[in-house]
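Heads up: the sequence lines are chains A and B, in that order. So in my numbering, spot 134 of the first sequence is number 134, and the numbers just go up one at a time. Positions in the second sequence are counted from 1; adding 281 to them yields my numbering. First the structure, in the form of structure tokens, and then the observations on it.
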Amino acid sequence: MPIDTGSPEKIHGPLLRVRALEKKYWARRGAFRRRVPLLAASKVSFEIPHGKTLAIVGSSGSGKSTVARCVARIEKPDSGEIWIKDRQVAQASGKELMSLRPDVQLVFQDPSTSMNARFSAVQTIEEPLLLQHRGSSEERRTRVAELMKEVALQPEWMDRGVSEFSGGQKQRIAIARALALKPKLLILDEAFTGLDLSTQAQIGNLLLELQAAHTLTYLLIAHDLTLVSRMADFIAVMSNGEIVEQGIAQEVLASPVHAQTRALISAAQGLRSISATQPSS
Amino acid sequence: MSFSIPRGGVLGLVGESGSGKSVTSLAIMRLLPPGATVDGDIRFEVNGKATDLAALNTEQMRALRGSRISMIFQEPMTALNPVMRVGDQIAEAVRAHNDVSKKEARNRAVEALTEVAINDPAQRALDYPHQLSGGMRQRVMIAMAIVNRPELLIADEPTTALDVTVQQQILDLLTQLRKKFGLAMLFISHDLAVVSHVADQVGVMYAGTLVELGSREEIFHAPAHPYTRGLLEAVPTLKSDRAQRLRTIDGSVPPLTALPPGCPFDPRCNLRVETCSRDLPPLERVGPSHWARCPVVNNGGRV
Ligand SMILES: Nc1ncnc2c1ncn2[C@@H]1O[C@H](COP(=O)(O)OP(=O)(O)OP(=O)(O)O)[C@@H](O)[C@H]1O
Ligand code: SF4
Ligand SMILES: [Mg+2]
Numbered sequence: 001m002p003i004d005t006g007s008p009e010k011i012h013g014p015l016l017r018v019r020a021l022e023k024k025y026w027a028r029r030g031a032f033r034r035r036v037p038l039l040a041a042s043k044v045s046f047e048i049p050h051g052k053t054l055a056i057v058g059s060s061g062s063g064k065s066t067v068a069r070c071v072a073r074i075e076k077p078d079s080g081e082i083w084i085k086d087r088q089v090a091q092a093s094g095k096e097l098m099s100l101r102p103d104v105q106l107v108f109q110d111p112s113t114s115m116n117a118r119f120s121a122v123q124t125i126e127e128p129l130l131l132q133h134r135g136s137s138e139e140r141r142t143r144v145a146e147l148m149k150e151v152a153l154q155p156e157w158m159d160r161g162v163s164e165f166s167g168g169q170k171q172r173i174a175i176a177r178a179l180a181l182k183p184k185l186l187i188l189d190e191a192f193t194g195l196d197l198s199t200q201a202q203i204g205n206l207l208l209e210l211q212a213a214h215t216l217t218y219l220l221i222a223h224d225l226t227l228v229s230r231m232a233d234f235i236a237v238m239s240n241g242e243i244v245e246q247g248i249a250q251e252v253l254a255s256p257v258h259a260q261t262r263a264l265i266s267a268a269q270g271l272r273s274i275s276a277t278q279p280s281s
Numbered sequence: 282m283s284f285s286i287p288r289g290g291v292l293g294l295v296g297e298s299g300s301g302k303s304v305t306s307l308a309i310m311r312l313l314p315p316g317a318t319v320d321g322d323i324r325f326e327v328n329g330k331a332t333d334l335a336a337l338n339t340e341q342m343r344a345l346r347g348s349r350i351s352m353i354f355q356e357p358m359t360a361l362n363p364v365m366r367v368g369d370q371i372a373e374a375v376r377a378h379n380d381v382s383k384k385e386a387r388n389r390a391v392e393a394l395t396e397v398a399i400n401d402p403a404q405r406a407l408d409y410p411h412q413l414s415g416g417m418r419q420r421v422m423i424a425m426a427i428v429n430r431p432e433l434l435i436a437d438e439p440t441t442a443l444d445v446t447v448q449q450q451i452l453d454l455l456t457q458l459r460k461k462f463g464l465a466m467l468f469i470s471h472d473l474a475v476v477s478h479v480a481d482q483v484g485v486m487y488a489g490t491l492v493e494l495g496s497r498e499e500i501f502h503a504p505a506h507p508y509t510r511g512l513l514e515a516v517p518t519l520k521s522d523r524a525q526r527l528r529t530i531d532g533s534v535p536p537l538t539a540l541p542p543g544c545p546f547d548p549r550c551n552l553r554v555e556t557c558s559r560d561l562p563p564l565e566r567v568g569p570s571h572w573a574r575c576p577v578v579n580n581g582g583r584v
């Protein structure tokens, strides 16, 4: 079934614009354990049009999660600009940061680490509503039931503990929670990694449907190009903290320029091919 | 049903999460019943209950993790000590099973980090787990598992969290170790494509039951069970095509506590017939070393 991913709303300009983002961490290096700066993200610039999807791909340690955390403003970048529509939020703090939260939500790889195992589904999903002081307890339950239907979970399950749900169902709960405040931008950091392939595809289809229904803008973070290639309008490739190639998804895949892009493509092709006869290596 | 993994052999165990393929699940107990023999001399016993997941992860894992049998889990943070330098953790594993000096243990730790393709291993050995990216942490855990040159390696989704370029390196590394040291491996993964790169023999688990078992060639050239076929179709391919939905197996694995009476795959199977919901089909031979638990495909001719 084809999915219409076209944007019903006419909003011009990008929803997210990142300019020259830089973030360094301090690491101890060398015989004298000197503190040396480690540029986890440097000169990172990209934008995502409203209702579209950009996938940041790259190998481990290339800085993808650093960018995700900075854009979500879980961390403060050292320098650079982050524009959500017409608000520059790179250095926002306090109240301003609180008011940004509803617009930008982050979904992590392993839902169980970002969830309180003792919480029920309803407690988990309503958490952002509580933090933003939205609605009465009744209203929140109604909203949670709505959200669970949206992610294809039975609302009757809302009082079950999150630990009773399977990995894929937990990720649906995480997505429902992320949607609770009707965000504009959803950042999915390896949201598929660790799930079964068929579950990954189910979550992928769900995200495509939600995007079409709500004109969501996605920043997808992944090391494996395979699945994101099926979901992204644009692809940016990171290596050593920098974006080394970016463009329209089809074009990047069809004619990769940078060696890192080629490596990711050939790794994805190699790993995703079934090798029925010849032993590996 | 019993089988062994020969020295240097790799049994790949495939299934979705909840299918019971994990080491900590009932499934493995069935596959490797207490006292099951692997290569004639390594006795591998797990006496825990299916629900005893936490116990196996900590105590039993520690008891099992040693010089001869070693395990790699999917989640590196459960196996790594957050307040200890990673090099020291590997060195500690070396010294727990070998009478060597601290210096020698550290050297072996750095060597192991080199083997799992960590850049600048001597420096990285001095890092704490939180200073490493997710992928690097997993490689540290693999380094720790192979540093004592085990005979049987139980790898539970060892590459799932790794980036694809490193996955290939790790799979190659495991293959090398297997050849070099006759390392036998139980390789557990939800990813049939990955398993096809390492295993000589493949078992497919569904809802706590082995539904198909065969050689790599048999499973990938002539998959018999509808579930195996579904898993094969769900392997995504690299292309940019936003108009198409992704191929998936609808529904999810039923919880082991609420299994349907007959074939466990019945609720999701598009080949089901009326009799499927009656009894659990037996494993029947469908090829020289190929077994499947589906009378419908077994009788109706295979595709
Ligand atoms: N809190 C931190 N302190 C010190 N260094 C850090 C910290 N977080 C990340 N780093 C370093 O920053 C670099 C980028 O890490 P990041 O987690 O962004 O990579 P990634 O692309 O998300 O990798 P992965 O695919 O493994 O998740 C790495 O070298 C990492 O070790
Ligand atoms: S026994 Fe029936 S339900 Fe089970 S896999 Fe075969 S056809 Fe499908
Ligand atoms: Mg990351």
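Where a beta carbon is used, it is the ideal one built from N, C-alpha and C, also for glycine.
Proximity test, residue i beta-carbon vs ligand 1 heavy atom, cut-off 6 Å
{"i": "A374 (chain B)", "result": "no"}
Nearest-angstrom Cα separation, counted from residue j out to residue i
{"i": "R28 (chain A)", "j": "Q404 (chain B)", "result": "9 Å"}
{"i": "K43 (chain A)", "j": "E242 (chain A)", "result": "6 Å"}
{"i": "A180 (chain A)", "j": "A174 (chain A)", "result": "10 Å"}
{"i": "D408 (chain B)", "j": "T359 (chain B)", "result": "17 Å"}
{"i": "G321 (chain B)", "j": "I286 (chain B)", "result": "At G321 (chain B), the pLDDT of 25 sits below 50, so the modelled position is not reliable and the matter cannot be decided from this model."}
{"i": "R324 (chain B)", "j": "M466 (chain B)", "result": "Its pLDDT being 34, under 50, R324 (chain B) is placed unreliably in this model, and the value from its coordinates should be taken loosely. Distance between the alpha carbons of R324 (chain B) and M466 (chain B): 14 Å."}
{"i": "L271 (chain A)", "j": "L455 (chain B)", "result": "15 Å"}
{"i": "P548 (chain B)", "j": "L16 (chain A)", "result": "43 Å"}
{"i": "Q211 (chain A)", "j": "A40 (chain A)", "result": "30 Å"}
{"i": "Q381 (chain B)", "j": "R387 (chain B)", "result": "Residue identity check: residue 381 (chain B) is Val in the sequence provided, not Gln. Cα-Cα distance, rounded: 10 Å."}
{"i": "Y508 (chain B)", "j": "Q370 (chain B)", "result": "41 Å"}
{"i": "A232 (chain A)", "j": "P542 (chain B)", "result": "42 Å"}
{"i": "R553 (chain B)", "j": "Q450 (chain B)", "result": "40 Å"}
{"i": "P562 (chain B)", "j": "L188 (chain A)", "result": "41 Å"}
{"i": "A90 (chain A)", "j": "M98 (chain A)", "result": "13 Å"}
{"i": "A393 (chain B)", "j": "A426 (chain B)", "result": "9 Å"}
{"i": "R33 (chain A)", "j": "V162 (chain A)", "result": "43 Å"}
{"i": "S198 (chain A)", "j": "G80 (chain A)", "result": "39 Å"}
{"i": "V18 (chain A)", "j": "P37 (chain A)", "result": "22 Å"}
{"i": "S275 (chain A)", "j": "A254 (chain A)", "result": "23 Å"}
{"i": "V445 (chain B)", "j": "T556 (chain B)", "result": "43 Å"}
{"i": "V492 (chain B)", "j": "R376 (chain B)", "result": "42 Å"}
{"i": "L264 (chain A)", "j": "T142 (chain A)", "result": "44 Å"}
{"i": "I500 (chain B)", "j": "R574 (chain B)", "result": "13 Å"}
{"i": "K330 (chain B)", "j": "Y487 (chain B)", "result": "Unreliable placement is indicated for K330 (chain B), whose pLDDT of 29 sits below 50; the coordinate value is still reported in the next sentence. If you take the alpha carbons of K330 (chain B) and Y487 (chain B), they lie about 19 Å apart."}
{"i": "T339 (chain B)", "j": "L564 (chain B)", "result": "At T339 (chain B), the pLDDT of 45 sits below 50, so the modelled position is not reliable and the matter cannot be decided from this model."}
{"i": "L130 (chain A)", "j": "L413 (chain B)", "result": "34 Å"}
{"i": "R87 (chain A)", "j": "R69 (chain A)", "result": "18 Å"}
Heavy atom of ligand 3 within 6 Å of residue i beta-carbon
{"i": "S239 (chain A)", "result": "no"}
beta-carbon residue i near ligand 2 non-hydrogen atom, thresh 6 Å
{"i": "V162 (chain A)", "result": "no"}
{"i": "V577 (chain B)", "result": "yes"}
{"i": "D560 (chain B)", "result": "no"}
{"i": "L564 (chain B)", "result": "no"}
{"i": "D547 (chain B)", "result": "yes"}
{"i": "L491 (chain B)", "result": "no"}
{"i": "L552 (chain B)", "result": "yes"}
{"i": "M507 (chain B)", "result": "Per the sequence presented here, residue 507 (chain B) reads as Pro, with Met not at that position. True, at least one ligand heavy atom lies under 6 Å from that Cβ."}
{"i": "S70 (chain A)", "result": "The amino acid occupying residue 70 (chain A) in the given sequence is Cys; Ser does not appear at that position. Checking the Cβ of C70 (chain A) against ligand 2 gives no."}
Any non-hydrogen atom of ligand 5 closer than 6 Å to residue i Cβ
{"i": "E127 (chain A)", "result": "Ligands present in the displayed structure are limited to ligand 1, ligand 2 and ligand 3, and ligand 5 is not among them."}
Next on the checklist: Output needed in chain order: residues of the region 184–205 of chain A with a Cβ under 8 Å from some Cβ in chain B.
Outcome noted: E190, T193, G194, L195, D196, L197, S198, T199, Q200, A201, Q202, G204 and N205
Next on the checklist: Any C-beta of chain A within less than 8 Å: which residues of the region 458–476 of chain B qualify?
Outcome noted: Answer in chain order: H471, D472, L473, A474 and V475.
Next on the checklist: Output needed in chain order: residues of the region 221–237 of chain A with a Cβ under 8 Å from some Cβ in chain B.
Outcome noted: Per Cβ criterion, the list reads H223, D224, L225, T226, L227, S229, R230, M231, A232 and D233.
Checklist entry - For the region 476–538 of chain B, which segments carrying the alpha helix (DSSP H) assignment without a break, of at least 4 residues, lie completely within its bounds, in sequence order? => result 497–502 and 507–514
Item to check | Every unbroken beta strand (DSSP E) within the region 26–110 of chain A, with a cutoff of 3 residues, ordered by chain | outcome: Runs of beta strand (DSSP E) with 3 or more residues, each lying fully within the region 26–110 of chain A, are found at 34–49, 53–58, 79–84 and 104–107, listed in chain order.
Checklist entry - Which residues, in chain order, sit with a beta-carbon under 6 Å away from any heavy atom of ligand 1? => result Those residues that have a beta carbon less than 6 Å away from any non-hydrogen atom of ligand 1 are, in order along the chain, A:Y25, A:A27, A:L38, A:A40, A:G58, A:S60, A:G61, A:S62, A:G63, A:K64, A:S65, A:T66, A:H223, B:Q412, B:L413, B:S414, B:G415, B:G416 and B:D444.
Item to check | Near-chain B residues of the region 161–183 of chain A (beta-carbon distance less than 8 Å), N- to C-terminal order | outcome: S166, G167, G168 and Q169
Checklist entry - Taking a cut of 7 Å between CB atoms, which residues from the region 49–63 of chain A lie near chain B? => result S59, S60 and G61
Next on the checklist: To test your reading of the DSSP string, which unbroken alpha helix (DSSP H) runs of 4 or more residues are found completely within the region 383–460 of chain B?
Outcome noted: 383–396, 402–405 and 415–427, all fully within the region 383–460 of chain B.
Next on the checklist: Extract the residue ranges of the alpha helix (DSSP H) inside the region 162–225 of chain A, only unbroken runs of 4 or more that lie entirely within it.
Outcome noted: 167–179 and 197–214
Next on the checklist: Closer than 7 Å between beta carbons: that is the criterion. Which residues of the region 438–452 of chain B meet it against chain A?
Outcome noted: T441, A442, L443, D444, V445, T446, V447, Q448, Q449 and L452
Next on the checklist: At a CB distance below 9 Å, what residues from the region 264–276 of chain A approach chain B? Give them in sequence order.
Outcome noted: L264, I265, S266, A267, A268, Q269, G270, L271, R272, S273, I274, S275 and A276
Item to check | Interface positions of the region 414–425 of chain B facing chain A (Cβ-Cβ less than 7 Å), listed along the chain | outcome: Residues passing the 7 Å Cβ filter: S414, G415, G416 and M417.
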